[in-house]
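FYI, full-length UniProt numbering numbers position 67 of the sequence shown as 67, with every residue one higher than the one before it.
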Amino acid sequence: MVNITLPNDEERLGFLDSRIKRLGDINVAGDVCLSEIVMKTENFTEDELCQLVREALHEAIVRTHVTGCPEGLQVSQVDLLAAVKIVQPRFGRQEEVLQQLMPYEYFDRRSNDAVPNQDNLLITGHPGLSCHLVEGNPKSGITTVAAQMALNTDYRFVKYISSVSWPLGLSDSKKCQRIQDALEDAYVSRRSCVIIDDLERILGYGALGKRYSNELLQMLMVLLKKLPPKGHELLIICTTNRRDVLQELGLLSVFTSVRNVPNVSTPKELLAIVGASKRFEHEELLQIESAMEGRNVSIGIKRLLGLIEWVNPIEPDRRPGKFLRKLGEAMGWVENKF
Ligand SMILES: Nc1ncnc2c1ncn2[C@@H]1O[C@H](COP(=O)(O)OP(=O)(O)OP(=O)(O)O)[C@@H](O)[C@H]1O
């Protein structure tokens, strides 16, 4: 169990002030505003604040060397702000990790008629635990929806857990330890969000023989119900392609809400995504639109975006035809003469 208390605003201000004063001979510029830095370092530990001041000094040295400042070496606000971006707090938001999961601009499918408005599913601002499940077919974009839900919060702690980043052959008890460590870290911050991606993979579920790890299942049953410390707010977002398996394992009941991410299932939504991708010219879009009329559509957004990327290098005159042919193959259109 981690026994770390994060310093509050006043403590951080005092700590930063004393660290800056300890820079000795180094001048501190008049523009330094520590309250601004305090606002940006809510989840920093004392060690990380020390590291921040060291980084700021390093930034000042490089800046002075490059620009040849007439005032000589002095730490100013730009150096401190640069250091805030460099130091990655252990209890901070894994913003970069989440952005890497979403190379495309987020397409908000709730704005489309095809997807019911599920805005009200994510209710934040209440102390305690809320646990949400995002489920859908493979390649339907569930990870992206979970990541976007987390990015939409203003929580200072956001962590992403995925079995993909675990070394091969990791034992079940080590996997349990990793999840437990992440949640223990989350309990430290007053408002935290943890994403656990692909629950069935975390459980080591294999469709053949319906095998899974009972150790991980039991641990998740406990952790997904465990309340954070009093006054803390913890939001857990899990994803799965196998809602049926979670149901069978009795895990579905731990979730406050279950959100389905449907396949793209109307020509209107498909065309909206194709248009939003900005990979086709106006003429091409018109061609795709007329070919889509009356067609049955059902495709995961990840698959659709993959097809769009795939045809992107082709010449514009041949591109719509190639795209429609591939789309037809993916959706099993009987008459597919594009
Ligand atoms: N709503 C969306 N807007 C923009 N891009 C999206 C959206 N949904 C998915 N994508 C893109 O599709 C790709 C894959 O999406 P994601 O990883 O969420 O799919 P998944 O359903 O979790 O996939 P898998 O079933 O393989 O785990 C990502 O590159 C992501 O950026």
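C-beta atoms are modelled at their ideal positions from N, C-alpha and C, and glycine is treated no differently.
None of the values given here were measured: they were computed from a predicted structure.
{"Asked": "Alpha-carbon to alpha-carbon, Ala147 and Gln118", "Found": "Its pLDDT being 47, under 50, Gln118 is placed unreliably in this model, and the coordinates cannot settle the point."}
{"Asked": "Those residues which DSSP pairs with Ile161 across a bridge", "Found": "Ile196"}
{"Asked": "Cβ-based neighbour list, Tyr106, same chain, cut-off 8 Å, excluding 5 preceding and 5 following", "Found": "Thr144 and Gln148"}
{"Asked": "Assigned secondary structure, His126 (DSSP; H/G/I helix, E/B strand, else coil)", "Found": "coil"}
{"Asked": "Exposure of Val87, with buried meaning 16 or more beta-carbon neighbours within 10 Å", "Found": "buried"}
{"Asked": "Residues of its chain near Leu223, where Cβ-Cβ distance is below 6 Å and the 5 sequence neighbours each way are ignored", "Found": "Leu183"}
{"Asked": "Cβ-based burial, Gly14 [other Cβ within 10 Å; buried from 16]", "Found": "exposed"}
{"Asked": "Classification of His65 by the beta-carbon crowding that lies within 10 angstroms, buried from 16 upward", "Found": "exposed"}
{"Asked": "heavy atom of ligand 1 below 7 Å from Ile142 C-beta", "Found": "yes"}
{"Asked": "For His58 and Ala83, the rounded distance between their alpha carbons", "Found": "9 Å"}
{"Asked": "Same chain, Cβ closer than 7 Å to Ile273, five either side skipped, listed in chain order", "Found": "Phe107, Val264, Ile301 and Leu304"}
{"Asked": "Nearest-angstrom Cβ-Cβ length linking Leu216 and Gly206, presumed shorter than 8 Å", "Found": "No, Leu216 and Gly206 are not in contact; Cβ-Cβ is about 13 Å, not under 8 Å."}
{"Asked": "Those runs of the alpha helix (DSSP H) which lie wholly inside the region 262–319 and span at least 4 residues", "Found": "267–276, 282–292 and 301–311"}
{"Asked": "Sequence-distant residues of its chain with Cβ nearer than 7 Å to Ile37 (five each side left out)", "Found": "Leu16, Leu80 and Val84"}
{"Asked": "Within 8 Å, strictly: CB atoms of Pro127 and His232", "Found": "yes"}
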